[in-house]
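What follows is a short report on a single structure.
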Amino acid sequence: MAERVGLSRNISEEYLNVVADCKLADKPLLEARDILNALIGTHIHAETNIKNTRVILLNTWYRNELWFQNTCIEIAKEVTVPERLPLHWALLMVAYPVFFDLCTIIGTMLDYRDEFSATQVKERIFETWSARTTLIHALSKNLQTMKDMRILEPQSKNGVYKPISHHVDNKKTVCVLAAAILKCSGLEYMTWEEIVHHPALFPFNIEYVTQADLAACDRFLLERMGDNIVIRFRT
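This is the structure we're talking about:
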């Protein structure tokens, strides 16, 4: 895989909410940059690490693919701050392929076990991305990000984690998650069950939303294929 890792610093839910607040307030990128520099600088002192952390945040909410970015902005105006969590998740998956692959690997492991170790994740991610020095460094940062986003709970044994489950029942939010799965997976279509049970969505329990609700989004096409209804996302 030739893609760069990119996601080499851990980011917190606090940081993500601040950059989202900047975007919702229509602050220009340069003003958002200064706000983030000040915030990150209270926790990190190395200029390079401040910059790298800031770049990730701006890539997520300011420089992302426009449909995802704009749709998440509109939804964020309607939901509470804690309910932004799946929006951050979707934007991170779209912006950083390594994050999507990591989420998929973790979710696949959790399909048949209650917990997993960082060592197990490292072995699996190396199969996809190869054992790059940047990836070795980034893996611990990504796991820390998931802890700081209320996604993973460390266990008593060092390097072992359990997931924290979050309920999602906002139809528009589910549409963004579904679109992110279709986009990031590279598949032309998937069934509703394949989307909502995709391993990369392991932190989220989707409730009170059905595939019929996707029809409200003009970027989805629902088509019959044999005995199944499949869903396409129009890019």
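Numbering (the numbering used here), first residue to last: 2 to 236.
Every residue, glycine too, gets a C-beta built ideally from N, C-alpha and C.
- Under the 10 Å beta carbon count, Y16 is surrounded by 16 or more other beta carbons and is classified as buried.
- With a beta-carbon spacing of about 7 Å, F69 and A181 fall inside the 8 Å limit used to define contacts.
- CA-to-CA, the gap between H89 and V122 works out to about 22 Å.
- By the criterion of a C-beta distance shorter than 6 Å, A33 is surrounded in its chain by C23, once the five residues flanking it on both sides are discounted.
- A distance of 8 Å or more separates the beta carbons of L153 and I137.
- Remark: C-beta atoms of V175 and V210 approach each other more closely than 8 Å.
- Secondary structure of E154 (DSSP, three-state): strand.
- In the same chain as L183, and ignoring 5 residues on each side of it, the C-beta atoms closer than 8 Å to its own belong to Y190, M191, I196, I232, R233, F234, in chain order.
- Secondary structure in the region 13-60: no beta strand (DSSP E) run of 3 residues or longer lies completely within the stretch.
- Shown here, K163 sits in a strand according to DSSP, grouped into three states.
- Taking the Cβ atoms as the reference, Y63 lies roughly 5 Å from L30, within the contact range of under 8 Å.
- Here the alpha carbon of R133 sits roughly 10 Å from the alpha carbon of I126.
- Under the three-state reduction of DSSP, F117 is assigned to strand.
- Inter-residue distance for F221 and L215 is about 7 Å (C-alpha atoms, whole angstroms).
- The region 78-87 makes no contact with the region 48-65, as fewer than three CB pairs between them are under 8 Å.
- For N71, the enclosing alpha helix (DSSP H) starts and ends at 67-77.
- Straight-line measurement puts the Cα of H167 at about 9 Å from the Cα of I207.
- Taking C-alpha positions only, D170 is separated from R85 by approximately 12 Å.
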